[in-house]
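Chemist: Residue numbers (this note's numbering): 6 to 193.
Glycine residues also receive a C-beta, built at the ideal position from the N, C-alpha and C atoms.
1) Can you tell me which of the three DSSP states residue 90 falls into?
2) Look at the Cβ atom of residue 85, then the Cβ atom of residue 104, and state whether they are nearer than 7 angstroms.
3) Which same chain residues end up closer than 6 angstroms to residue 74 when comparing Cβ atoms and leaving out the 5 residues on each side of it in sequence?
4) With distance defined between alpha-carbon atoms, name the residue in 76, 59, 72 nearest to residue 1.
5) For residue 135, collect the residues of the same chain with a Cβ closer than 6 angstroms to its Cβ; drop the 5 residues on either side in sequence, then sort them by chain order.
6) Find out if the Cβ-Cβ distance for the pair residue 127, residue 109 is shorter than 7 angstroms.
7) Could you pull the DSSP bridge partners for residue 79 from this structure?
8) Between residue 165 and the rest of its own chain, which residues show a CB-CB distance below 6 angstroms, the 5 nearest in sequence each way excluded?
9) State the DSSP-derived secondary structure class of residue 172, mapped to helix, strand or coil.
10) Can you give me the start and stop residues for the beta strand (DSSP E) that residue 160 sits inside?
11) Using 10 angstroms around the beta-carbon of residue 15, count the other beta-carbons present and answer buried if the total reaches 16, otherwise exposed.
12) Is it the case that the Cβ atoms of residue 101 and residue 93 are separated by a distance below 7 angstroms?
13) Assuming residue 143 is part of the beta strand (DSSP E), what are its boundary residues?
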């Protein structure tokens with residue numbers, strides 16, 4: 006069956022390397038697979054999990070080209086967004102992104118969040134920085150972002166908006182050794 010790592014490589018390069026060795030699980034209401042075209046189409050409450058990566062969408066189409074590069078398109082129903090979350094390896098940070106559409110280009114190692122796009126970096130579940138725009142592209146090779154504004158940007162003036170927390174403020178609540186442990190809930 007088609008390797009389902011297309012979108013499972015989303016997020017920082019270090020996390021992608023660690024997660025690439027993990028099995029991929031896709032849960033959905035339905036699957037249509039075409040062996041000749043090397044495509045899998047998952048529909049209805051799609052949840053892709055691979056290592057620390059979790060993708061939630063209404064529809065996910067994955068394909069593999071003749072050279073083995075993988076490509077994916079995840080979409081959401083009207084009024085909803087595709088959500089992606091992945092832990093950065095070796096840190097207490099997560100990358101979270103969302104958009105009406107998320108595309109993955111395995112050949113060029115690019116992830117595109119399209120229409121109402123928001124990408125956040127969280128440390129100890131606190132926002133460190135956030136980018137909003139019509140389109141946000143993350144380059145896994147160079148670990149860089151580009152963002153553009155436009156009519157589908159989730160900002161009042163259709164421009165790119167970036168929020169960067171002061172370093173001291175973002176790290177203030179986190180001990181040097183990482184995030185504080187959450188107390189365990191008492192069993193009933």
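Modeler: Looking at the atomic coordinates:
1) As a working mapping, residue 90 is identified with position 85 in the chain shown. If DSSP states are grouped into helix, strand and coil, residue 90 belongs with the strands.
2) Here residue 85 refers to the residue found at position 80 when the chain shown is read from its first residue. Here residue 104 refers to the residue found at position 99 when the chain shown is read from its first residue. Not closer than 7 angstroms, so no.
3) The count along the chain shown starts at 1 and reaches residue 74 at position 69. Hits under 6 angstroms: 111, 112.
4) Because residue 1 is not part of the residues shown, which for the chain are 6 to 193, the question remains open.
5) One-based indexing of the chain shown puts residue 135 at position 130. Around residue 135: 125, 168.
6) In the chain shown, residue 127 corresponds to position 122, counting from 1. In the chain shown, residue 109 corresponds to position 104, counting from 1. Result no, Cβ atoms of residue 127 and residue 109 do not sit closer than 7 angstroms.
7) Mapped onto the chain shown, residue 79 falls at position 74. The partner list for residue 79 (beta bridge, DSSP) reads 65, 107.
8) In the chain shown, counting from the first residue as 1, residue 165 sits at position 160. Same-chain partners within the cutoff: 138, 152, 154.
9) For the purposes of this step, residue 172 is taken as the residue at position 167 of the chain shown. In this structure, residue 172 counts as helix in the three-state DSSP scheme.
10) Against the chain shown, residue 160 aligns to sequence position 155. No beta strand (DSSP E) holds residue 160; DSSP gives it neither H nor E.
11) For the purposes of this step, residue 15 is taken as residue 10 along the chain shown, with counting starting at 1. Note that residue 15 scores a pLDDT of 41, beneath 50, so its modelled location is shaky; the value from the coordinates is reported in the next line. Per the 10 Å Cβ criterion, buried.
12) Within the chain shown, residue 101 is the residue found at index 96, counting from 1. Within the chain shown, residue 93 is the residue found at index 88, counting from 1. For residue 101 and residue 93, no; Cβs fall outside 7 angstroms.
13) Within the chain shown, numbered from 1, the residue matching residue 143 stands at position 138. 131-144 is the extent of the beta strand (DSSP E) around residue 143.
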